[in-house]
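Participant: Sharing a structure, written as structure tokens. Questions coming.
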Amino acid sequence: MAKRGGFPGGGLPGNMNNLMKQAQRMQKQMEEKTKELEDKVWEASAGGGAVTVTVSGKKELVSVKLAPEVVDPDDIEMLQDLIVAAANEALRKMEEESSEVMGQITGGMGGLGGFPF
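Everything in the sequence shown is counted per the working numbering, starting at 74 for the first residue and increasing by one.
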């Protein structure tokens with residue numbers, strides 16, 4: 074009686090085997106690029122350079138630099154807004170580059186490596 078399911082000889086057919094090897098290479102590339110991106114930093118400024126924020130690829134705020142003239146005790150809200158604007162811009166830059174790098178690896182497949190599940 075013939076076995077149901079599986080492949081004759083227990084191996085994967087050539088195309089499936091190649092697909093698995095490609096997926097493994099892609100996974101390794103993604104892990105390497107993720108590590109590189111985590112070690113990188115992005116910087117953005119607001120208020121004409123009055124506030125500069127640096128973020129890491131780990132989505133962590135690394136530093137905030139303030140020009141002395143932006144520190145006005147009578148206008149704390151403006152300083153807060155500038156910090157938020159600079160931080161959001163730095164995070165946007167980081168996300169944009171990360172998406173671009175990963176898109177190059179996956180060939181724009183999206184999702185789970187382009188698989189529909």
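The beta carbon of each residue, even a glycine, is placed where N, CA and C say it ideally should be. All figures in this text were calculated on a predicted structure; none of them were measured in a lab.
Does Lys131 come out as helix, strand or coil in the three-state DSSP assignment?
Facilitator: coil
Participant: Spatial neighbours of Ser171 within its chain, please: CB distance less than 6 Å, with the 5 preceding and 5 following residues excluded, ordered by chain position.
Facilitator: Leu110.
Participant: Measure the C-alpha to C-alpha separation of Ala159 and Asp112 and round it to an integer number of angstroms.
Facilitator: 20 Å
Participant: Rounded to the nearest angstrom, what separates Lys101 and Met93 at their Cα positions?
Facilitator: Distance from the CA of Lys101 to the CA of Met93, rounded to the nearest whole angstrom, comes to 12 Å.
Participant: Using CA atoms only, rank isn't needed, just tell me which of Met167, Gly87 and Asn88 is closest to Lys132.
Facilitator: Met167
Participant: Given that a residue counts as buried once 16 or more other Cβ atoms are within 10 Å of its Cβ, and exposed if not, what is Val135?
Facilitator: exposed
Participant: I'd like the list of long-range same chain contacts for Lys138, defined as Cβ closer than 6 Å, with 5 residues on each side in sequence excluded.
Facilitator: Thr125
Participant: Leaving out five residues on either side along the sequence, give the residues of the same chain with a beta carbon under 7 Å from the beta carbon of Gly187.
Facilitator: Reliability fails at Gly187, whose pLDDT of 47 lies under 50, so the model's placement of it is uncertain and the value that follows must be treated cautiously. Excluding positions up to five away in sequence, the list reads Thr179.
Participant: Classify Phe190: buried if its beta carbon has 16 or more other beta carbons within 10 angstroms, exposed otherwise.
Facilitator: Reliability of the predicted coordinates at Phe190 is poor, the pLDDT of 39 falling under 50, and the value obtained from them is presented with this limitation in mind. The residue is exposed, with fewer than 16 neighbouring Cβ atoms inside 10 Å.
Participant: Give the single residue among Val143, Val144, Gly176 and Ser129 whose Cα lies nearest to the Cα of Arg165.
Facilitator: Ser129
Participant: With Ala119 as the anchor, note down where its beta strand (DSSP E) starts and where it stops.
Facilitator: Val114 to Ala119
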